[in-house]
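Novice:
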Amino acid sequence: MLLVLSEEHKEHLGFLSEVDAPVVGEFGRIAVEFLKKGSNPKIFEGAARKLNVSSESVQHGVEGLMYLLTESSKLMISEVDFQDSVLVLGFSEELNELLLQLYLENRKEIRQILSKLAPSLPHYHNLEWRLDVQLASRALRQQVKPTVTLKLHLEDGAKRRAHVLQTDPATLQHLIHELERALAELKSNHCRRILRNIK
Amino acid sequence: MELSESVMKGLQTLAEPNVFDLKSFTIFMDVAFDSLDSSRGESVLGHPELRHIDQTTLKHCHTAATTFILEGVKQNADKSTISSCLEDVRFQNERVDTFYNSFQKHKKSLESLLSSTDTCPPHITDAEWRLEYCIKNSHVHKVNQPSYLISLNTERAGASSEINFSCTMDQLQDLVGKMKDAAKSLERAAQS
Numbered sequence: 001m002l003l004v005l006s007e008e009h010k011e012h013l014g015f016l017s018e019v020d021a022p023v024v025g026e027f028g029r030i031a032v033e034f035l036k037k038g039s040n041p042k043i044f045e046g047a048a049r050k051l052n053v054s055s056e057s058v059q060h061g062v063e064g065l066m067y068l069l070t071e072s073s074k075l076m077i078s079e080v081d082f083q084d085s086v087l088v089l090g091f092s093e094e095l096n097e098l099l100l101q102l103y104l105e106n107r108k109e110i111r112q113i114l115s116k117l118a119p120s121l122p123h124y125h126n127l128e129w130r131l132d133v134q135l136a137s138r139a140l141r142q143q144v145k146p147t148v149t150l151k152l153h154l155e156d157g158a159k160r161r162a163h164v165l166q167t168d169p170a171t172l173q174h175l176i177h178e179l180e181r182a183l184a185e186l187k188s189n190h191c192r193r194i195l196r197n198i199k
Numbered sequence: 001m002e003l004s005e006s007v008m009k010g011l012q013t014l015a016e017p018n019v020f021d022l023k024s025f026t027i028f029m030d031v032a033f034d035s036l037d038s039s040r041g042e043s044v045l046g047h048p049e050l051r052h053i054d055q056t057t058l059k060h061c062h063t064a065a066t067t068f069i070l071e072g073v074k075q076n077a078d079k080s081t082i083s084s085c086l087e088d089v090r091f092q093n094e095r096v097d098t099f100y101n102s103f104q105k106h107k108k109s110l111e112s113l114l115s116s117t118d119t120c121p122p123h124i125t126d127a128e129w130r131l132e133y134c135i136k137n138s139h140v141h142k143v144n145q146p147s148y149l150i151s152l153n154t155e156r157a158g159a160s161s162e163i164n165f166s167c168t169m170d171q172l173q174d175l176v177g178k179m180k181d182a183a184k185s186l187e188r189a190a191q192s
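Chains as they are written, first to last, in the UniProt record's numbering: chain A, 1 to 199; chain H, 1 to 192.
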């Protein structure tokens, strides 16, 4: 699968062929940094002054790299496809190799960052449990009622929430049984066939 | 058992043969126990067999009888405690026996009723699950990861709700492993 670059995107990246390779390397480092931690426009001005170009050109160059990296990581394009995709930019071989290395080195991390953006439900984080025997309550004295108190920690984006729940021994067994069936299903022929074929 | 003035008075009225003959007493007690036991039990008020008794008296006696029943279940009162209490409010032996027989009959279900009227965290009753294979989303393609959606059904004070969350296979294994630890400890505790 090849990456289709828009004319505007090509024009923005074109700036990279006007500067030295170490500068492109630095731009690449900044682009990855921005993807991880968010962008910081002040850096554009500093770099522009040093290179004696407009800060807009620097911004376009860096943002063009960011877009190139996210799109290729998103599609998980292969090494060969990446090389073929950037060929249309008409860069030197050295520059192309530099971009490829930048892509390969950061692909995994960029995919991780992107996957956090995907819509998702609260996620399981941890489960703590406690065994109690209830002996009496306001409504009823002289009880012997075993209970299992569970604290379920869920993660929703950066937020953590804990739910305190309770259950009885019989239901606990039932829950284990049911969830083990869910785990076993993943090893069934049906699931294995689909997992094997969708690649 | 400690009983309030009003409950004592109500029980005393119940003991009086010229207000409640034995037949009315038996019917009254059946209705009183049933009203606690099932939500669709009949009411003593307007009951065809109890129409000859003053409604205000009936209401007072009903409150007294149900309070006495619940207090007895709550304290796990034995036969001698109940008998001596009822004899104090001048119940004749026959009525004490009638009461105690019904009490024994309903005790188990009233106990579970009282044990469920409890403030406690939501009680998990069941778990539902769904297995999915994520292929791609708007931000990342070729995700190709299986994931589970778990829904824990919970109940609290008669109202049910659910907790939904997703997890990977490893996380589900972690969850089940921890539940198994709890179940094992429970088993060990039951044996010792």
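Virtual Cβ for every residue (Gly too), placed ideally from N, Cα, C.
(1) Does Y124(A) get closer than 7 Å to chain H when you measure Cβ to Cβ?
(2) Could you list which residues in chain A have their beta carbon closer than 8 Å to that of H141(H), in chain order?
(3) Should the segment 97-111 of chain H be called in touch with the segment 146-163 of chain H, which here means at least 3 C-beta pairs below 8 Å?
(4) What residue range does the alpha helix (DSSP H) around S31(A) cover?
(5) Pull up the distance between the alpha-carbon of L100(A) and that of L35(A), whole angstroms please.
(6) Strictly below 9 Å CB to CB, what residues from chain A border E111(H)?
(7) Compute the distance between the beta-carbons of G10(H) and C61(H), then report whether it is under 7 Å.
(8) Is there a Cβ of chain H sitting closer than 7 Å to that of A118(A), yes or no?
(9) To be precise: take each residue of the segment 7-26 of chain H, compare its Cβ to all Cβ atoms of chain A, and keep it if any distance is under 7 Å. Which residues remain?
(10) Can you list, in chain order, the residues of its chain with a C-beta nearer than 7 Å to that of E111(H)? Leave out the 5 residues immediately preceding and following it.
(11) Chain A partners of F33(H), CB-CB under 7 Å?
(12) Please look up how many angstroms separate the CB atoms of L175(A) and I124(H), rounded, as I've assumed it's under 8 Å.
(13) Based on Cα-Cα distance, which residue from F91(A), L186(A), W129(A) lies nearest to L186(H)?
(14) Would you say M179(H) reaches chain A, if we count a Cβ-Cβ gap shorter than 7 Å as a contact?
(15) Whole angstroms are fine: how far does the CA of I30(A) sit from the CA of D126(H)?
(16) Using 8 Å as the cut-off, can you tell me whether the segment 43-62 of chain A makes contact with the segment 88-106 of chain A, which would need three or more C-beta pairs spanning the two stretches below that distance?
(17) With a threshold of 7 Å between beta carbons, is D97(H) in contact with chain A?
(18) Write down every uninterrupted run of the alpha helix (DSSP H) in the segment 30-113 of chain A whose length is 4 residues or greater and which is fully enclosed by it, in chain order.
(19) Just curious, the beta strand (DSSP E) that S161(H) is in, first and last residue?
(20) Give the residues of chain A in contact with N76(H), contact being defined as C-beta atoms less than 7 Å apart.
(21) Quick check on this structure: which residue in T167(A), L152(A), P169(A), D168(A) has the alpha carbon closest to the alpha carbon of R161(A)?
(22) Expressed to the nearest angstrom, what Euclidean distance is found between the alpha-carbon atoms of I53(H) and S83(H)?
(23) Buried or exposed: which applies to I150(H), given that a residue is buried once 16 or more other Cβ atoms fall within 10 Å of its Cβ?
(24) Runs of 4 residues minimum, wholly inside the segment 12-42 of chain H: which ones carry the alpha helix (DSSP H) assignment?
(25) To the nearest angstrom, how far is it from the Cα of S6(H) to the Cα of D37(H)?
(26) Three or more beta-carbon pairs under 8 Å between the segment 182-198 of chain A and the segment 166-173 of chain A, yes or no?
(27) In whole angstroms, what is the alpha-carbon distance linking F25(H) and S102(H)?
(28) Counting C-beta neighbours from all protein chains within 10 Å, is the total for P122(A) 16 or more, i.e. buried, or is it exposed?
(29) Along the chain, which unbroken stretches of the alpha helix (DSSP H) at least 4 residues long are found entirely within the UniProt domain "COMM" (123-190) of chain A?
(30) With distances taken from CA atoms, which of P121(H), Q173(H), W129(H) is nearest A159(H)?
(31) 7 Å is my cut-off, CB to CB: does H9(A) come that close to chain H?
(32) Does DSSP put T56(H) in a helix, in a strand, or in coil?
(33) Kindly list, in the order they appear in chain H, the residues whose Cβ is closer than 7 Å to that of A182(A).
(34) Pick out whichever of V133(A), H125(A), L5(A), N106(A) has its Cα sitting closest to the Cα of V86(A).
(35) By how many angstroms is the C-alpha of Q171(H) removed from the C-alpha of M29(H)?
(36) Contact check, L131(A) vs A182(H) under 8 Å by CB: the rounded distance?
Specialist: Result, derived from the coordinates:
(1) Answer yes: the Cβ-Cβ gap between Y124(A) and chain H drops below 7 Å somewhere.
(2) K74, L75, M76
(3) With contact defined as three or more Cβ pairs closer than 8 Å, the segment 97-111 of chain H and the segment 146-163 of chain H are not in contact.
(4) Inspection of the sequence shows that residue 31(A) is occupied by Ala rather than by Ser. Here the alpha helix (DSSP H) through A31(A) covers 21-37.
(5) 17 Å
(6) Ordered by position in chain A, the residues that pass the 9 Å Cβ test against E111(H) are L140, Q143.
(7) yes
(8) yes
(9) none
(10) Cβ neighbours of E111(H) within its own chain (closer than 7 Å, five residues either side excluded): V73.
(11) Correct list: empty, because the minimum Cβ distance to chain A is about 17 Å.
(12) 7 Å
(13) W129(A)
(14) So yes, M179(H) belongs to the interface.
(15) 50 Å
(16) No, the segment 43-62 of chain A does not touch the segment 88-106 of chain A.
(17) no
(18) 42-51, 55-75, 79-87
(19) 159-167
(20) R141, Q142
(21) The shortest C-alpha separation from R161(A) is found at L152(A).
(22) For I53(H) and S83(H), the distance between alpha carbons rounds to 25 Å.
(23) buried
(24) If we require 4 residues or more, the alpha helix (DSSP H) runs fully inside the segment 12-42 of chain H come out as 22-37.
(25) 23 Å
(26) no
(27) 12 Å
(28) buried
(29) 169-185
(30) The closest CA to that of A159(H), considering only P121(H), Q173(H), W129(H), is found on P121(H).
(31) no
(32) helix
(33) W129, L131, Y148, L172
(34) L5(A)
(35) 55 Å
(36) 7 Å
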